[in-house]
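Student: Pasting a structure here, questions to come.
In this note's numbering, the protein residues as written are 7 to 135.
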């Protein structure tokens, strides 16, 4: 079973992203992001085969002392798929990069889908979808 490590946003900043989704949704046959009925999120890793206890232990270690995470975004980008997927590109100075590195220092990066591996990380790596 595949597992993902992500965080979701349900605060004021999420409302701004959802408003953008609404605007883009008006240009789509079916509003893609709104149809998911899920708040904006950032994915740090996806593992196709990994033990859940390992993911649970590592995420607890990495997030246990973090009350909040501040992430700044440089621009809005998109995935050129059948259904448009917008994502906000995080700034290189965001705490998201530190979290990403810490997670991957505790789990074998070869287990992670290539797109989310640390060597791929840059402003375009973590996605706010």
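Ideal Cβ positions, reconstructed from N, Cα and C, are used throughout, including at glycine. Because the structure is a prediction, the values reported are computed rather than measured.
At 4 residues or longer, what runs of the alpha helix (DSSP H) sit wholly inside the stretch 41-120?
Tutor: 58-69, 101-112
Student: From residue 83 to residue 107, what distance separates their C-alpha atoms?
Tutor: 23 Å
Student: DSSP on residue 32, reduced to helix/strand/coil?
Tutor: coil
Student: Going by beta-carbon coordinates alone, are residue 64 and residue 21 separated by less than 7 Å?
Tutor: Taking 7 Å as the Cβ cut-off, residue 64 and residue 21 do not qualify as a contacting pair.
Student: Expressed to the nearest angstrom, what Euclidean distance is found between the alpha-carbon atoms of residue 98 and residue 66?
Tutor: 24 Å
Student: Can the beta-carbon of residue 95 be found closer than 7 Å to that of residue 46?
Tutor: no
Student: Let me check one thing: in DSSP terms, what residues is residue 8 bridge-paired to?
Tutor: Answer is none; residue 8 lacks a bridge partner.
Student: Quick check: what's the CA-CA separation for residue 122 versus residue 50?
Tutor: 6 Å
Student: Apart from the five residues just before and just after residue 68, which ones in its own chain have a Cβ nearer than 8 Å to its Cβ?
Tutor: 105, 108, 109, 112
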